[in-house]
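Have a look at the structure below before the remarks.
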Amino acid sequence: MFSFSSLSQPRKIEEIKDFLLTARRKDAKSVKIKKNKDNVKFKVRCSKYLYTLVITDKEKAEKLKQSLPPGLAVKELK
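All letters in the sequence shown, in the order written, are residues 40 to 117 by our numbering.
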């Protein structure tokens, strides 16, 4: 028996540098930005995992948005 639940599990990234390195990878397809009341979530879709970074500082979130790779599809969610 194979369990596919572990393949689709998301991964949490704690550091902004690690997130930017992941977003620059060759297999990174898109980034979704989810803005909430107290935080902003950045989700980068790679071939195997969905990596998530949670930022509570709105200014840092805006800087990170500006420094995303230009070739990456960015979608903002409400």
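Every residue, glycine too, gets a C-beta built ideally from N, C-alpha and C.
Predicted, not measured: the structure shown is a model, and the values here were computed from it.
Following the DSSP letters along the chain, one finds ALA67 in no beta strand (DSSP E), marked with neither H nor E. Per the coordinates, the alpha-carbon of GLU101 lies some 11 angstroms from the alpha-carbon of THR95. The beta carbon of LYS51 lies closer than 8 angstroms to those of TYR90, THR91, LEU92 and VAL93 in the same chain, with the five residues before and after it left out.
Ranking VAL70, LEU59, PRO108 and LYS99 by CA distance to the CA of LEU116 puts VAL70 first. Within the same chain, Cβ atoms closer than 8 angstroms to the Cβ of LYS97 are found at VAL79, the five residues on either side in sequence being excluded.
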